[in-house]
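Comments concern the structure below.
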Amino acid sequence: MENSQISETIDRAIMDIIKGKRRMSFEFMAANVLVKRAQNIYAKEPSEENLYEGCKQVKKLLIQNVNLPTVKTDLEKINSMGR
Amino acid sequence: MIFDCLYDLDEIEERILKGQILLIAGDAKLMDKLPAGRWIGGTIPYFMTDLGGICTDKKIFVTDLNTVASNIWIKTYDENTIENVYLDSPENGFSFIIMPAGSKCHFKFSMEAFSFENFAMCPLVGWIAGTHLDERGLDKPKVYNGINYKQLQEDAVVMHVALPVNKSAEIGMLNMFGQGTGDTITFLESGFSATNANINGVRVNFAKYILENKLDLRLPLVSDVNGTLINTSFRKKFGADGEVRFYAPVFKDVEYRHAKPIENYTEKFTKKLSLGLGVEMIFSCNCILNYIYSGLDRYSGGGLCGPATFGEIAYHIHNQTVVYLRIIHNR
């Protein structure tokens, strides 16, 4: 999967996960951990800034590790959430 | 060598002197004799091996990174600098950390890792060093920075390992425990001990609650955060003031439940492990409490070799888990 495929749809899905609107357990452990942190930060202070920052970090992590099979699986799952 | 991963002292001395890149675990009596070189290590006499669990002060466990690493750098962190551990990580690779149980660094990392800059952006894997359980309170756990040969009782040692572009590192974890259906437990403060807790919203003395409800302290508290189950294990003995003590911190306002008991733990563990966790695994560690409570000292096979530790690190601290590191060959 190319980096460009980590699209706006994925942004929205990640933000929904951070906000707790959707639930997803990532295969890639680092993503799970980072999402958990983003959720905690957002729950304490539900600002747009915290939401975007959390999303940005999760997305950066996925892009950095796009070669891993677990990340490919997660991206497919996220993509299908957005459909 | 008696097992695939345990070696005699002289073999390891020779390999260190040849300049090999090694991660080492062993009893302090042996570790203290190792020469300076490209290695880091920590004290522990308990190991999982291909032939089962073993407690020994005669052999040393080694993970060889020579065929994996393209570059390494070793750093020591104290309680004030540990927050930089993720900033020092390689762009492509992993960082391997060892810290002594009960040290200032252990406390700081356990409580604050989530807030460290660059948290989880690079794999950080490792373990908490300990001593023989009969010696607790006598000997202090230690970690070793091989480069300058320093023995450390309060600090963490980290080997940052860069990988070639065709390889990636990925951390995995095996947690057999799930939340039970009992009371919801929350704590008033974050920390390694708790005097009081809220049980279903009602404040009680936690030690009294444990005794009255006959909680099996071999089973951890489990929190469910975003579908990820995180264990916090009990220490067997309460503190001097009757406070309940833990191997990792509990966090204020997080909801915990006592773990569901697991029948035939070893059998289920083996089954889960056979689902392919061993593929490309270069390191694993298993909690000492799994080793003692769950019969894993008698477990063998599955390629699960490594120290049985006082805590596992996979980005942050875990208890009663198996943590492992895989090196993936990118296609």
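Which chain is which? The protein sequence lines are A and B, in order.
Every position in the first sequence, counted from 1, becomes a number in the working numbering once 22 is added.
Every position in the second sequence, counted from 1, becomes a number in the working numbering once 2 is added.
Note that CB positions come from ideal geometry on N, CA and C, so glycine has one too.
For residue i, does the three-state DSSP call read helix, strand or coil?
| i | result |
| --- | --- |
| B/M178 | coil |
| B/Q153 | strand |
| A/P91 | helix |
| B/H108 | helix |
| B/T323 | coil |
| B/K273 | helix |
| A/M23 | Because A/M23 carries a pLDDT of 48, less than 50, the predicted location of this residue cannot be relied on, and the following value inherits that uncertainty. Coil, per DSSP. |
| B/E334 | A query on residue 334 of chain B cannot be resolved here, the shown segment of chain B reaching from 3 to 333 and no further. |
| A/G76 | helix |
| B/T78 | strand |
| B/K216 | coil |
| B/M161 | strand |
| B/M3 | Caution applies to B/M3, whose pLDDT of 35 falls short of 50 and renders its modelled position unreliable; the model cannot decide the point. |
| A/N62 | helix |
| B/M283 | strand |
| A/R44 | coil |
| A/L97 | helix |
| A/I36 | helix |
| B/R333 | coil |
| A/A52 | helix |
| B/R205 | strand |
| B/F116 | helix |
| A/V57 | helix |
Under the rule that 16 or more other beta-carbon atoms within 10 Å means buried, what is residue i, buried or exposed?
| i | result |
| --- | --- |
| A/D96 | buried |
| B/Y326 | buried |
| B/M161 | buried |
| B/H331 | exposed |
| B/P102 | buried |
| B/N73 | exposed |
| B/I23 | buried |
| B/N150 | exposed |
| B/D255 | exposed |
| B/D12 | exposed |
| B/T51 | buried |
| B/N147 | buried |
| B/T133 | buried |
| B/L53 | exposed |
| A/P68 | exposed |
| B/D34 | exposed |
| B/R333 | exposed |
Less than 8 Å between the beta carbons of residue i and residue j, yes or no?
| i | j | result |
| --- | --- | --- |
| B/Y79 | B/C107 | yes |
| B/A131 | B/K144 | yes |
| B/N233 | B/F179 | yes |
| A/K41 | A/L73 | yes |
| B/I2 | B/G44 | No information on residue 2 of chain B is available, as it lies outside the stretch 3 to 333 that chain B covers here. |
| B/I42 | B/I76 | yes |
| B/V206 | B/A199 | yes |
| A/V80 | A/A53 | yes |
| B/I201 | B/L223 | no |
| B/F96 | B/A171 | yes |
| B/Y258 | B/S235 | no |
| A/I118 | A/G76 | Residue 118 of chain A is absent from the structure shown; chain A starts at 23 and stops at 105. |
| B/D168 | B/Y249 | It should be noted that the sequence gives Asn, not Asp, for residue 168 of chain B. Contact flag unset, no. |
| B/L25 | B/F285 | yes |
| B/Q181 | B/L219 | no |
| B/V252 | B/S192 | yes |
| B/Y9 | B/A310 | no |
| B/V127 | B/F98 | yes |
| B/V70 | B/L176 | no |
| A/R59 | B/F116 | yes |
| B/Y267 | B/G244 | no |
| A/K99 | A/M46 | yes |
| B/L275 | B/N288 | no |
| A/V55 | B/A122 | yes |
| B/I56 | B/G28 | no |
| B/K273 | B/I264 | no |
| B/I290 | B/S112 | no |
| B/I212 | B/E282 | no |
Beta carbons nearer than 7 Å to chain A: which residues of the region 191-218 of chain B have them? Answer set for the region 191-218 of chain B: empty.
With 7 Å as the limit, tell me which residues of the region 39-70 of chain A have their beta carbon closer than that to any beta carbon of chain B; keep them in chain order. When CB distances to chain B are screened at a threshold of 7 Å, the residues of the region 39-70 of chain A falling below it are R45, S47, M51, A52, N54, V55, L56, V57, K58, R59, Q61, in chain order.
Compile a chain-ordered list of the residues in the region 83-96 of chain A whose CB is closer than 8 Å to at least one CB of chain B. If the cut-off is 8 Å between Cβ atoms, the region 83-96 of chain A has L83, Q86, N87, N89, L90, P91, T92 near chain B.
Residues of the region 157-178 of chain B with Cβ closer than 9 Å to any Cβ of chain A, in chain order: Here the close residues are S170, E172, I173, G174, M175.
Closer than 9 Å between beta carbons: that is the criterion. Which residues of the region 314-333 of chain B meet it against chain A? Per Cβ criterion, the list reads A316, Y317, H318, I330, N332, R333.
Return the chain-ordered ranges of every alpha helix (DSSP H) run that is complete within the region 30-100 of chain B and spans a minimum of 4 residues. Runs of the alpha helix (DSSP H) lying entirely within the region 30-100 of chain B, each at least 4 residues long, are 30-33 in chain order.
With 8 Å as the limit, tell me which residues of the region 232-261 of chain B have their beta carbon closer than that to any beta carbon of chain A; keep them in chain order. Residues of the region 232-261 of chain B with a C-beta atom less than 8 Å from some C-beta of chain A do not occur.
If you measure beta-carbon to beta-carbon, which residues of the region 85-108 of chain B are closer than 9 Å to chain A? The region 85-108 of chain B vs chain A, Cβ under 9 Å: E93, N94.
Of all the residues that make up the region 121-142 of chain B, which are near chain A by a beta-carbon distance shorter than 9 Å? In summary, the residues of the region 121-142 of chain B whose CB is separated from some CB of chain A by less than 9 Å are F121, A122, M123, C124, P125, in the order they occur in the chain.
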